[in-house]
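Only one structure is covered here, and it is reproduced in the block below.
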Amino acid sequence: MSEQYLFQEKQYLGRDATWISVRMILALFCFVAYYLNIENLPSRQLFFIVGTGVIIVSIIMIYMVHYKTTVEGKFLILSGLWSSKLVKIDLYNIAKVELKPYSSFIFNNPVYNLHKGGKIRFYSGGKDAVWLTDKEGLRYIIGSHKAEELARAVMEAKRKLNT
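In the numbering used here, the protein residues as written are 11 to 173.
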């Protein structure tokens, strides 16, 4: 059974460069504190354990899929982590497709299906996002590393629906 998708992308939880940097600085701080702790205190071992734990968790997060975006037929499908609900956006109800930056902030937290202020956000990494507005005015903001391809796939799927 082979299905042809117009677009498919997996967003990984731990691959955002800014948060990798934050975790590595935290691990570096732990290792420097371990090294500089001249007196043989029990906290010295704790710094080493925490630093090692941060690195191990970072490595695990690099391979952990946060959500998968798929454009197929008349739906845009977002499937998240294990306990997350599947989100199906009917492309027939989409009135406007825009390609904009996700946010003006440098650090953005990963979110899946976050409802806030009339907008529903999906983000794991990347600077750009596809902003979809449905006929009732609800906005979906989908952050992506391949935002141009996602916008093009959504517009192509809408064009096929209208013909």
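All residues carry an ideal CB built from backbone N, CA and C; glycine is no exception.
Looking only at its chain, what residues have a beta carbon closer than 6 Å to the beta carbon of E82, apart from the 5 residues adjacent to it on each side?
Stepping through the sequence shown from its first residue, residue 82 is reached at position 72. Taken in chain order, the residues that qualify are Y15.
Residue burial classification, D26 (beta-carbon count within 10 angstroms, cutoff 16):
Translated into the one-based positions of the sequence shown, residue 26 becomes position 16. Classified as buried, D26 has 16 or more neighbouring CB atoms from the shown chains inside 10 Å of its CB.
For L23 versus S134, is the C-beta spacing smaller than 8 Å?
In the sequence shown, residue 23 corresponds to position 13, counting from 1. In the sequence shown, residue 134 corresponds to position 124, counting from 1. Cβ atoms of L23 and S134: closer than 8 Å.
Is the number of C-beta pairs between the stretch 94-111 and the stretch 53-62 that are closer than 8 Å three or more?
At 8 Å Cβ cutoff, the stretches do not touch.
Take M71 and list the residues in its own chain whose beta-carbon comes closer than 7 Å to its own, dropping the five residues that flank it on each side.
The residue given as residue 71 occupies position 61 in the sequence shown. Within the same chain, M71 has close Cβ partners L23, G24.
Exposed or buried, E158, counting other C-beta atoms within 10 Å across all chains shown (16 or more means buried)?
Taking the sequence shown and counting its residues from 1, the one referred to as residue 158 is at position 148. Counting Cβ neighbours within 10 Å, E158 comes out exposed, since fewer than 16 surround it.
Among all the DSSP beta bridges, which residues are the ones paired with R33?
Position 23 of the sequence shown, counted from the first residue, corresponds to residue 33. Within the DSSP secondary-structure output, R33 pairs in no beta bridge.
By the three-class DSSP mapping on this structure, what secondary structure does T143 have?
Taking the sequence shown and counting its residues from 1, one reaches residue 143 at position 133. Judged by DSSP in its simplified three-state form, T143 adopts strand.
Best match in E19, S154, L38 for proximity to V64 [C-alpha to C-alpha]
The residue given as residue 64 occupies position 54 in the sequence shown. The residue among E19, S154, L38 with its C-alpha nearest the C-alpha of V64 is L38.
With DSSP run on the structure shown, which of helix, strand or coil describes Y112?
In the sequence shown, counting from the first residue as 1, residue 112 sits at position 102. Coil.
Indicate whether F85 and D100 have their beta-carbon atoms separated by less than 8 Å.
The residue labelled residue 85 in the question sits at position 75 within the sequence shown. The residue labelled residue 100 in the question sits at position 90 within the sequence shown. Yes, these two residues count as a Cβ contact at 8 Å.
Extent of the continuous beta strand (DSSP E) to which G153 belongs
Within the sequence shown, the letter at position 143 stands for residue 153. Element bounds for G153: 149-154.
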